[in-house]
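Its first residue numbered 1, the sequence shown is counted upward by one per residue in my numbering. Just so you know, even glycine gets a beta-carbon here, dropped at the ideal spot from N, CA and C. Presented below is the structure to which this report refers.
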Amino acid sequence: MSILVVMEQRGGAWNRMSWETLAAAQQMAGEVGTTATAAVLGQGVEALGGELAGKRLERVYLVEHELLQEYTPDAYAAALRQLVAQAKPDYVFFPHTYQVRDFLPKIATSLGTVAVSDVVGHRAEGGALVLVRQLFQGKVNSDVKFVSPAPHFASLQAGAYRADQVAEGSAAIEKFTPEISVKDVRTKPLERFRESARAVDLTAAELIVAVGRGIKEADNISLIQDLANAMGAELAASRPICDAGWLPMERQVGSSGQTVGPKMYMAIGISGAIQHLVGMKGSRVIVAINKDPNAPIFEVADYGIVGDLFQVVPELIEAFKKAK
Ligand SMILES: Cc1cc2nc3c(=O)[nH]c(=O)nc-3n(C[C@H](O)[C@H](O)[C@H](O)COP(=O)(O)OP(=O)(O)OC[C@H]3O[C@@H](n4cnc5c(N)ncnc54)[C@H](O)[C@@H]3O)c2cc1C
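Below, the structure written as structure tokens:
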């Protein structure tokens, strides 16, 4: 059995979720008695490959081509189809990023197979892998087993596995040059821009302080911003806060916002509706502050403070300032 992890990089910087996927693949490989391999796509990605060569992997594929310099679904799918044909992995795992969501169904479909998305866990059974995925916005989980011939494709949800559990080791580097022609690539990525100067990628944040309707008024958001500043955290929110225009939509966490997996997620005045939980329950440590001891957020919280946020938060700000 062989497992290939497709790491994601952009402009020479890793997407943090790639390491979570790598850690997952290493664990799964260990449980079925094999060693994982990894691939990085791009142009001029030797340095990234070198970093991967220091991990417990059998092989690192440097998949390089000038048409992979910038991401396009056509070039990525073409390159990966060729790599899969050569390496013949049984399982191919991807981080569940926006980019992967864009091209993974295309590869799977072009090979006449399917992809399992949103994987949050696994177990080894009879030498094969059973994957656990979320359904209905995280309300229920479901076990999935592939019954078709390999390759089996799956994307792993943010925060489901821990990046700091990637095992060190040493791996051979193998260069792989796919054949891609300009005429195969039907889109041209133009210059990247952020929609607004305040645009933020919460999926990359290590610490997040999120505010909900318990904050009562727009003017009070500055209190939570002060806490985020004192902690060096990104500010996020539940949907009503963004719907009201108190914070921009890009800061919304949940089923219709971003899915995050920081080291710590602090939910302040957030009840814990399922649509919010689905976006943050993969966080490593969850802290909840809510005046209602029965708020559902406490069911997923590792640490809970039952209290009035207008009393608790100023004290936390002082404590963080002192600790610094
Ligand atoms: C299709 C669909 C998609 C959705 N997508 C999302 C999504 O992406 N993200 C999202 O967040 N929601 C989403 N929602 C909305 C979701 O169902 C909830 O309505 C929302 O998450 C509730 O936000 P909240 O917890 O901030 O507010 P509330 O549910 O009103 O909770 C406020 C909480 O603050 C507490 N509180 C009040 N005062 C204080 C105080 N002084 N100190 C401490 N605690 C206090 C209360 O006890 C309460 O628990 C979606 C809904 C639908 C139908």
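Under the 8 Å Cβ criterion, the segment 11-31 does not count as touching the segment 138-145, having fewer than three qualifying pairs. Separation of the CB atoms of Val285 and Ala205 is rounded to 14 Å, and the pair is thereby denied contact status at 8 Å. Looking only at Ala319, Gly272, Glu318, Ala115, the smallest Cα-Cα distance to Ala301 is reached by Gly272. DSSP links Tyr71 through a beta bridge to no other residue. Ser271 has its Cβ nearer than 7 Å to a heavy atom of ligand 1. With fewer than 16 other beta carbons inside 10 angstroms of its own, Ala319 counts as exposed. The C-beta separation of Pro89 from Pro151 comes to about 6 Å, placing the pair in contact by the 8 Å criterion. Going by beta carbons, Ala53 and Val45 fall outside the 8 Å limit.
Excluding its 5 nearest sequence neighbours in each direction, Val306 has C-beta neighbours in its own chain below 6 Å: Pro293, listed in chain order.
The beta-carbon distance between Gly232 and Gly269, rounded to whole angstroms, is 21 Å. This is too long to meet the 8 Å contact definition.
Cβ neighbours of Arg162 within its own chain (closer than 8 Å, five residues either side excluded): Glu20, Ala23, Arg284. Nearest C-alpha to Thr187 among Arg251, Ala237, Asp102: Asp102. Residue burial is scored here from C-beta neighbours: Arg239 has at least 16 other C-beta atoms within 10 angstroms and is therefore classed as buried. Excluding its 5 nearest sequence neighbours in each direction, Gln43 has C-beta neighbours in its own chain below 6 Å: Glu64, Glu66, Leu68, Gln69, listed in chain order.
Between Thr109 and Glu8, the CB-CB gap reaches or exceeds 8 Å.
The segment 71-85 makes no contact with the segment 27-34; the number of CB pairs closer than 8 Å stays below 3. Rounded to the nearest whole angstrom, the C-alpha separation of Val312 and Asp226 is 13 Å. Beyond the five residues adjoining it in sequence on each side, Glu174 comes within less than 6 Å, by CB distance, of Arg59, Tyr61 in the same chain, given in chain order. DSSP places Gly42 inside the beta strand (DSSP E), whose first and last residues are 37-42. When secondary structure is reduced to three states using DSSP, Glu191 falls in the coil class, being assigned neither helix nor strand.
Taking the Cα positions, Phe93 is about 44 Å away from Phe310. Look at Leu235 here: in three-state DSSP terms it is strand.
Straight-line measurement puts the Cα of Ala167 at about 24 Å from the Cα of Leu207.
Assigned with DSSP and collapsed to three states, Trp19 falls in helix. Bounds of the beta strand (DSSP E) holding Tyr91 are 91-95. Annotation: the continuous alpha helix (DSSP H) that includes Glu46 extends over 46-52. With distances taken between CA atoms, Phe153 lies nearest to Ile3 out of Pro314, Ile3, Ala47, Ile180.
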